[in-house]
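S.K.:
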Amino acid sequence: MSSCTAASYDDLVARVLAGGYGPDPADLRISVAFSTRQAVRHAGRSGGYRNEVLSLRLGAAVGSCAVEPGALTDAAVERCVGADVAGLLAHELLPVRIAALDAYLMHVLPHDTAPGARPHPLPAGSSLEKSRARARAVAELLDVPPGARVLVVGVVNSLLEAVRERGLTYVPCDLKGGTTEWGEPVVTDALAELDRCDAVLASGMTLGNGTFEALRAHAAAHGTPLVMFAQTGSAVLPRFLGAGVSAVCAEPYPFFWLDGGPGTVHRYAGTAALPDRAAAGAAA
Numbered sequence: 001m002s003s004c005t006a007a008s009y010d011d012l013v014a015r016v017l018a019g020g021y022g023p024d025p026a027d028l029r030i031s032v033a034f035s036t037r038q039a040v041r042h043a044g045r046s047g048g049y050r051n052e053v054l055s056l057r058l059g060a061a062v063g064s065c066a067v068e069p070g071a072l073t074d075a076a077v078e079r080c081v082g083a084d085v086a087g088l089l090a091h092e093l094l095p096v097r098i099a100a101l102d103a104y105l106m107h108v109l110p111h112d113t114a115p116g117a118r119p120h121p122l123p124a125g126s127s128l129e130k131s132r133a134r135a136r137a138v139a140e141l142l143d144v145p146p147g148a149r150v151l152v153v154g155v156v157n158s159l160l161e162a163v164r165e166r167g168l169t170y171v172p173c174d175l176k177g178g179t180t181e182w183g184e185p186v187v188t189d190a191l192a193e194l195d196r197c198d199a200v201l202a203s204g205m206t207l208g209n210g211t212f213e214a215l216r217a218h219a220a221a222h223g224t225p226l227v228m229f230a231q232t233g234s235a236v237l238p239r240f241l242g243a244g245v246s247a248v249c250a251e252p253y254p255f256f257w258l259d260g261g262p263g264t265v266h267r268y269a270g271t272a273a274l275p276d277r278a279a280a281g282a283a284a
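Residue numbers for the sequence shown follow UniProt numbering, beginning at 1 and rising by one.
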């Protein structure tokens with residue numbers, strides 16, 4: 001376990017507050033706070049969805065956390081402006097705490113220079129083309145044999161496609177329930193499915209809704225591969241590599257769905273799980 005690795009979410013926050021990763025967060029203040037709201041229905045898809053993300057800017061860094069659409073008030077966003085990071089790490093709203101932690105860690109450990117990070121290009125294209133390219137970049141981090149069953153926590157249809165392309169089966173799971181694009185039932189209790197799955201592929205949104213730590217602890221205890229795809233907490237989740245998390249596809253703001261041009265995600269993993277960068281870029 002490296003010096004950058006935290007044993008748990010609470011351990012990570014405690015180490016940040018103690019200056020274990022760099023400057024005292026009490027001395028750093030958020031200059032900009034904003035929310036990004038999106039509604040999408042990709043061409044050729046039968047359904048759509050909405051996203052809302054809280055983002056906080058610290059220097060050149062932007063930290064983000066997804067929230068349930070409509071759950072975050074304008075006043076809550078505005079009160080983050082000028083607040084010190086240490087105070088926001090104790091905020092009453094969990095998404096604010098996560099966005100502040102992400103901003104701090106992005107500030108001190110930006111993906112461009114963070115140990116273990118490897119950039120992976122996303123090509124320009126339509127919203128669906130970029131979604132599929134991002135999904136392939138994530139699914140490549142699943143270091144499991146064909147036929148393995150993957151618990152996918154946070155249903156993204158492009159990710160389910162990419163998992164199938166790898167010759168894997170999956171159990172789709174999301175707190176909202178419902179069905180996938182192909183009519184498959186979506187389970188709502190991730191913990192109840194863990195013992196019958198060989199690996200877990202989970203959204204960073206699990207940080208924002210408080211379910212991540214249980215997934216991490218189970219993976220650490222049972223040796224289950226846990227791959228995170230992270231817009232929420234993209235700088236937070238790499239700090240758990242070796243402590244339950246086996247790989248992370250980190251995607252800081254601005255996200256792929258905001259722009260049709262080329263982009264970059266940053267992948268963290270052991271060398272056995274991470275494809276060659278040139279080959280991966282050609283595949284995308």
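Each residue gets a CB set at the ideal place from its N, CA and C atoms; glycine is no exception.
(1) Is there contact between the stretch 56 to 68 and the stretch 116 to 131, where contact requires at least three CB pairs shorter than 8 Å?
(2) Specify the secondary structure class of residue 238 as computed by DSSP and reduced to three states.
(3) Please state the DSSP three-state secondary structure of residue 60.
(4) Check whether the stretch 141 to 152 and the stretch 49 to 65 touch, using three or more Cβ-Cβ pairs below 8 Å as the test.
(5) For the candidate residues 212, 223, 243, whose alpha-carbon lies nearest to that of residue 230?
(6) Within 10 angstroms of its Cβ, does residue 290 collect 16 or more other Cβ (buried), or is it exposed?
(7) Excluding sequence positions up to five away, which residues of its chain have a Cβ less than 8 Å from the Cβ of residue 186?
(8) Give every residue of the same chain whose Cβ lies closer than 8 Å to the Cβ of residue 153, excluding the five residues on either side of it in the sequence, and list them in chain order.
(9) Measuring only the C-alpha atoms, how far is residue 128 from residue 157?
(10) Going by DSSP in three states, residue 170 sits in which element: helix, strand or coil?
(11) Over what stretch of residues does the beta strand (DSSP E) that includes residue 230 continue unbroken?
(12) Short of 6 Å in beta carbon distance, which residues of its chain neighbour residue 131, apart from the five on each side in sequence? Order them along the chain.
(13) I need the boundaries of the alpha helix (DSSP H) containing residue 111, first residue and last residue.
(14) Taking contact to mean 3 or more Cβ pairs, one atom from each stretch, closer than 8 Å, check whether the stretch 84 to 103 and the stretch 24 to 37 are in contact.
(15) Have a look at 10, 258, 264, 149 and flag the residue whose alpha-carbon is nearest the alpha-carbon of residue 294.
(16) Three-state secondary structure (DSSP) at residue 32?
(17) Straight-line CA distance for residue 197 to residue 250?
(18) Measure the CB-CB distance between residue 12 and residue 164 and report whether it falls below 8 Å.
(19) Measuring straight from C-alpha to C-alpha, what distance separates residue 254 and residue 194?
(20) Taking the DSSP output, what are the residues bridged to residue 122?
M.R.: According to the data block:
(1) no
(2) helix
(3) Residue 60: coil per DSSP, three-state reduction.
(4) no
(5) 212
(6) Any answer about residue 290 is impossible in this case: the structure gives the chain only from 1 up to 284.
(7) 155, 172, 173, 174, 176, 177, 178, 179, 180
(8) 173, 174, 190, 200, 201, 202, 203, 206, 211, 215
(9) 10 Å
(10) Residue 170 falls in the strand class under three-state DSSP.
(11) 226 to 230
(12) 158
(13) No alpha helix (DSSP H) holds residue 111; DSSP gives it neither H nor E.
(14) Yes, the stretch 84 to 103 is in contact with the stretch 24 to 37.
(15) No answer is possible for residue 294: it lies beyond the span of the chain, which begins at 1 and ends at 284.
(16) strand
(17) 23 Å
(18) Not a contact, by the Cβ cut-off of 8 Å.
(19) 32 Å
(20) 263
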